[in-house]
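Colleague: Numbering-wise (the working numbering), the sequence shown opens with residue 592 and increments by one.
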Amino acid sequence: GVREVVISPGSRSTPLALAFEAHSNIKTWIHPDERSAAFFAVGLIKGSERPVAILCTSGTAAANYTPAIAESQISRIPLIVLTSDRPHELRSVGAPQAINQVNMFNNYVSYEFDMPIADDSKETIDAIYYQMQIAS
Numbered sequence: 592g593v594r595e596v597v598i599s600p601g602s603r604s605t606p607l608a609l610a611f612e613a614h615s616n617i618k619t620w621i622h623p624d625e626r627s628a629a630f631f632a633v634g635l636i637k638g639s640e641r642p643v644a645i646l647c648t649s650g651t652a653a654a655n656y657t658p659a660i661a662e663s664q665i666s667r668i669p670l671i672v673l674t675s676d677r678p679h680e681l682r683s684v685g686a687p688q689a690i691n692q693v694n695m696f697n698n699y700v701s702y703e704f705d706m707p708i709a710d711d712s713k714e715t716i717d718a719i720y721y722q723m724q725i726a727s
């Protein structure tokens with residue numbers, strides 16, 4: 592499983608970043624520049640031969656991951672990409688720094704999932720569990 596996460600801090604991704612930081616079995620790395628962070632993660636994977644996750648906030652921050660995601664696809668290495676998009680109601684309404692993140696990496700990833708708004712309902716938990724099964 593994932594033992595390392597490279598985090599590019601941002602307000603939308605803060606809850607996930609804090610959760611990773613609190614997890615005793617996960618080493619976190621902080622890199623404020625998303626492009627550098629993603630390539631750093633590629634290097635970690637090549638050195639350890641284990642999957643590494645990258646995490647960033649929404650908008651163009653996520654787009655900066657694209658070159659490293661393409662490299663990981665070409666190299667066939669297990670890079671897990673986590674981006675924190677705006678709430679669904681703020682999509683396509685002119686919100687600042689908002690771009691369409693759905694299918695952003697479609698040409699370079701083996702699986703992509705747009706998670707529902709977080710809550711603890713059985714439907715949400717079941718949907719996430721189902722997507723995890725498909726992805727693995």
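A virtual CB, placed ideally from N, CA and C, is assigned to each residue, including glycine.
According to DSSP, is I668 helix, strand or coil?
Modeller: Correct three-state label for I668: coil.
Colleague: For the alpha helix (DSSP H) containing I636, list its first residue and its last residue.
Modeller: Where I636 is concerned, the enclosing alpha helix (DSSP H) stretches over 625 to 639.
Colleague: Is it the case that the segment 675 to 692 contacts the segment 711 to 719, given that we only count it when at least three CB pairs across the two stretches are under 8 Å?
Modeller: No: the two stretches stay apart, fewer than three of their Cβ pairs being nearer than 8 Å.
Colleague: Which residues in the same chain have their Cβ closer than 6 Å to the Cβ of H679, if we skip the five residues on either side of it in sequence?
Modeller: Cβ neighbours of H679 beyond the five flanking positions: none.
Colleague: Counting pairs of Cβ atoms below 8 Å between the segment 619 to 627 and the segment 654 to 662, do you hit three or more?
Modeller: Yes, the segment 619 to 627 touches the segment 654 to 662.
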